[in-house]
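Numbering (the working numbering), first residue to last: 5 to 617. We put the CB at the ideal spot given by N, CA and C, even for glycine. Computed from a prediction, not measured in an experiment: that's the story for all the values here. For reference, the structure is listed below as structure tokens.
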């Protein structure tokens with residue numbers, strides 16, 4: 005499959021940006037003017053505009069690992085949301101430490117840039133429809149309709165983000181040229197926006213090819229998977245309720261219909277397109293403790309080795325070195341020893357105990373937090389969090405995802421290999437001797453938990469910290485497997501087909517299949533699905549949306565007016581505390597986000613969500 009040429013995407017995106025920037029809500033900084041009289045003449049023009057749109061929508065999703073900071077397993081400590089030109093992560097701008105509480109009022113930039121993306125999609129759709137009206141060539145019409153299908157898929161994706169955060173939002177499906185067109189719009193009810201999203205995805209499914217011919221473009225499975233996900237969330241909102249959105253009335257009948265419809269879409273993705281998990285879902289090799297010559301296949305799923313793989317059902321690609329379109333993954337998740345990266349995002353201590361035993365398939369004994377400075381045998385005590393042996397025979401995804409004391413990774417600097425770098429918590433950039441060999445330890449000023457990420461961190465030279473060309477996955481096939489299992493279980497209880505899918509996900513971690521008590525009831529199987537979502541999708545921006553749609557924030561943390569939850573590092577030091585004596589309002593503000601007051605000041609018809617009135 006060819007890779008989408010994104011050399012000129014920045015230019016085209018800038019062109020679209022300029023022509024879509026008239027309304028305040030949709031305001032983006034213009035970069036270049038596009039004389040429309042010289043454009044929209046050929047299929048190549050439409051393709052270029054589409055590529056620009058893909059590139060621009062990407063910035064709304066390709067830093068979604070920051071969203072995990074709203075959950076319990078990932079710490080986000082700072083703001084690297086802009087590169088030197090102010091582009092990357094612009095939708096995340098204005099935030100500093102993303103906390104598991106109090107996050108509902110800080111996403112005005114995401115709201116604004118989502119509408120900017122929608123307006124650009126509408127702009128391309130409008131112009132390509134004009135092109136179709138002016139040609140009778142069936143082949144050209146088919147290609148142009150496919151381009152509209154991709155635009156509508158992206159518009160649906162952005163609207164889905166809006167409703168998952170804000171509930172009712174204004175629905176705009178026309179190209180806005182003047183403030184007066186939007187400055188009195190009311191919020192469109194959730195059900196209506198959802199129906200518009202499904203209409204867009206139906207069109208996309210009808211017009212897109214079964215397989216994209218160019219890497220970075222979209223095909224039928226992407227439309228089906230996203231449609232299934234929208235239906236699954238609709239089912240959850242109806243089943244579990246969404247009381248903070250007081251314009252919405254849940255219905256158990258609607259929930260059942262939506263669960264069934266979601267499962268049908270997911271099953272088509274799984275069965276009809278020949279898609280398989282990366283490297284057929286095989287676990288691969290996992291090196292012994294303290295070595296990293298052989299890493300599990302799951303690790304390579306998050307490097308460019310997986311670009312274009314069938315597991316990436318819906319993904320956005322990046323350009324790599326010297327394109328201005330590189331991913332920021334290494335910069336954000338690695339430490340100073342790796343291309344002087346900044347480690348803004350790191351695993352919390354609490355994730356480690358979620359990785360199960362490859363021998364029993366069950367949870368291991370809880371790790372014990374010990375400080376080597378005060379406990380002389382801390383590094384040899386059984387189950388000690390600073391004893392490397394405590395991590396033996398764990399889910400392969402653990403080795404592929406996080407690093408603990410005395411794990412090593414490849415040091416990189418100035419695009420060159422500097423040798424193995426052992427990670428030792430609080431021993432930053434120090435000379436250490438291990439088995440007679442001298443190393444310089446991993447230097448990071450970004451973690452206070454005892455762990456750093458290995459997932460997403462490149463282990464080869466040649467690219468600077470913000471020059472990656474990894475395809476960021478929005479929906480992976482593994483996610484589709486788990487969402488199918490969830491939806492089908494909600495209607496039919498544990499079924500062999502769904503159980504097999506979950507076991508396939510476990511197999512990539514070299515875990516044994518689920519034991520019978522994990523699939524004995526719908527409730528037990530749901531808990532097993534949740535567990536797999538935690539470890540499989542760590543750092544991919546899914547966890548907070550899962551806990552919100554399942555209404556589990558109180559379960560994950562504590563009930564209102566409770567004592568809160570203390571969080572620790574591997575040494576036993578308290579590093580954070582959340583939800584201490586918080587009233588119900590604080591929880592409500594985590595279940596739904598605040599409509600930006602700047603937009604309400606401009607538009608008096610925009611109502612505010614209940615917890616912010």
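Next on the checklist: In this structure, how does DSSP classify residue 581 when only helix, strand and coil are distinguished?
Outcome noted: strand
Item to check | Integer Cβ distance of residue 461 from residue 445, believed to fall under 8 Å | outcome: With 8 Å as the limit, residue 461 and residue 445 do not qualify as a contact, their Cβ atoms being about 16 Å apart.
Next on the checklist: Does residue 490 come out as helix, strand or coil in the three-state DSSP assignment?
Outcome noted: helix
Next on the checklist: With a threshold of 7 Å on Cβ separation, who are the neighbours of residue 191 within its own chain once the five nearest residues in sequence on each side are excluded?
Outcome noted: 172, 173, 174, 610, 611
Item to check | Alpha-carbon spacing of residue 438 relative to residue 427, whole angstroms | outcome: 12 Å
Checklist entry - Do the region 488–504 and the region 328–336 meet, that is, are 3 or more Cβ pairs less than 8 Å apart? => result no
Checklist entry - From residue 475 to residue 321, what does the alpha carbon distance come to, in whole angstroms? => result 4 Å
Item to check | Residue from 523, 249, 511, 514 whose Cα sits closest to the Cα of residue 502 | outcome: 523
Item to check | Short Cβ contact (7 Å threshold) for residue 296 with residue 412 | outcome: yes
Checklist entry - So, are the CB atoms of residue 300 and residue 314 less than 7 Å apart? => result no
Checklist entry - Taking just the CA atoms, how far does residue 595 sit from residue 187? => result 27 Å
Checklist entry - Near residue 505, what residues of its chain come up, given a Cβ to Cβ distance below 7 Å and the 5 sequence neighbours on each side ignored? => result 485, 488, 489
Next on the checklist: As an exercise, report each continuous beta strand (DSSP E) stretch of at least 3 residues that is fully enclosed by the region 41–117, in chain order.
Outcome noted: 78–80
Checklist entry - DSSP on residue 290, reduced to helix/strand/coil? => result coil
Checklist entry - In angstroms, rounded to a whole number, what distance separates the CA positions of residue 616 and residue 117? => result 22 Å
Item to check | Same chain only: Cβ atoms within 8 Å of residue 431, ignoring 5 sequence neighbours per side | outcome: 445
Item to check | Assigned exposure category for residue 79 - 16 Cβ within 10 Å defines buried | outcome: buried
Next on the checklist: Bridge partners for residue 479 per DSSP, in chain order?
Outcome noted: 318
Checklist entry - With distances taken from CA atoms, which of 402, 366, 336 is nearest residue 302? => result 402
Item to check | Inter-residue Cα distance where the pair is residue 152 and residue 418 | outcome: 42 Å
Item to check | Contact between the region 230–245 and the region 255–269 (3+ Cβ pairs under 8 Å) | outcome: yes
Checklist entry - Taking one C-beta from the region 53–63 and one from the region 334–354 each time, how about it: are there three or more such pairs within less than 8 Å? => result no
Next on the checklist: Just to check my reading of the structure: residue 309 and residue 471 have Cβ atoms closer than 8 Å, yes? What is that Cβ distance to the nearest angstrom?
Outcome noted: Their Cβ separation, rounded to whole angstroms, is 16 Å, which puts residue 309 and residue 471 out of contact at 8 Å.
Next on the checklist: Check this for me: beta carbons of residue 452 and residue 357, under 7 Å apart or not?
Outcome noted: no
Checklist entry - In whole angstroms, what separates the C-alpha of residue 169 from that of residue 379? => result 46 Å
Next on the checklist: Strictly by DSSP, which residues pair up with residue 331?
Outcome noted: 472
Checklist entry - Excluding the five sequence neighbours on either side, which residues of its own chain have a C-beta within less than 6 Å of the C-beta of residue 134, listed in chain order? => result none
Checklist entry - Within this structure, are the beta carbons of residue 266 and residue 236 separated by less than 7 Å? => result yes
Next on the checklist: With DSSP as the reference, identify every bridge partner of residue 415, one or two as the case may be.
Outcome noted: 423
Checklist entry - Taking DSSP as the reference, what is the three-state secondary structure of residue 442? => result strand
Checklist entry - If we ignore side chains and look at the alpha-carbon of each, how far apart do residue 91 and residue 483 end up? => result Only weak support exists for where residue 91 lies, its pLDDT of 49 falling under 50; the value from the coordinates is given anyway. Distance between the alpha carbons of residue 91 and residue 483 is about 29 Å.
Next on the checklist: So, for residue 591: in the same chain, excluding its five sequence neighbours on each side, which residues have a beta-carbon less than 7 Å away from its beta-carbon?
Outcome noted: 557, 558, 564
Item to check | Three-way DSSP call (helix, strand, coil) for residue 614 in this model | outcome: helix
Next on the checklist: Looking at the strands, I want to know which residues DSSP matches up with residue 351.
Outcome noted: 78
Checklist entry - Since residue 294 and residue 392 are thought to touch, with beta carbons under 8 Å apart, how far apart are those beta carbons, to the nearest angstrom? => result 6 Å
Next on the checklist: For a quick check, are the C-beta atoms of residue 70 and residue 107 less than 7 Å apart?
Outcome noted: no
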